[in-house]
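Inspection log for the structure reproduced underneath, given as structure tokens.
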Amino acid sequence: MNKSALGLALAALLVSVPAWGGELDTLRDEAKRLIKQFASELKGELVSAMKTGGPLNAIGVCSIKAPQIADNISQTSGWTVARSSHKLRNPANEPDDYTAEAIAEFLKRQANGEKPDTMIKAEIREENGERVFRMVKAIPTGEVCLACHGGESVKAEVEAAIKEHYPSDSARRFKIGEMRGVFTLKKALD
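What follows is the structure, given as structure tokens:
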């Protein structure tokens, strides 16, 4: 390859990198907006349920309303929007390989002292021959979460209702500030 062709190839590469970085930033911002929408809608439903019937009502929100909110946002946005965890309550929220890797990475970072509310993994990658954007964001445990996701503080009737809805539940014994799960988003780009 002559010097001018090499120079043109390098220039083309340099021009394309910032555009890809710009695309990544735009996608990351859009994903953050969708996470904020999901979290806000879910929190509104949970707060309302807790006010009207306590944690027993909140179980119905997580089992029925949360998947509906995720599906609605997914359908209206063209993204796949979901939640997952390293300690599953709902087996339908099982992480795919990418999300499981992000969860494992976040747990290591948490063990090293990083707070979950800062943990985000986002990238453009190839999956099954398709270019996709993936983003996973940690969900920290809040005080209200402990009514259903705590340890000994979970009331017996709440525990019984959780077992009824989720016989294989392992989403328990969280402490305030620990990563309880993740939002996981995906968008096809091709």
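Residue 323 in the numbering used here sits at position 56 of the sequence shown, with consecutive numbering throughout.
Quick reminder that beta carbons are idealized off the backbone N, C-alpha and C, glycines included.
Since the model is a prediction, treat every value here as computed from it, not as a measurement.
Query, Result
"Roughly how many angstroms separate the alpha carbons of residue 399 and residue 347, rounded to a whole number?", "11 angstroms"
"Given a cut-off of 7 angstroms on the beta-carbon distance, is the pair residue 447 and residue 387 in contact?", "no"
"Would you kindly check if the distance between the Cβ of residue 419 and the Cβ of residue 443 is under 7 angstroms?", "no"
"Are the beta-carbon atoms belonging to residue 351 and residue 360 less than 7 angstroms from one another?", "yes"
"May I have the straight-line CA-CA distance separating residue 452 from residue 318, to the nearest angstrom?", "30 angstroms"
"Taking the C-alpha atoms as reference points, what is the distance between residue 364 and residue 370?", "10 angstroms"
"When you compare each of 337, 355 and 434 to residue 441 by their alpha carbons, which one comes out closest?", "355"
"Going by the beta-carbon positions, is the gap between residue 425 and residue 358 smaller than 7 angstroms?", "no"
"Tell me the DSSP secondary structure of residue 403 in three-state form.", "strand"
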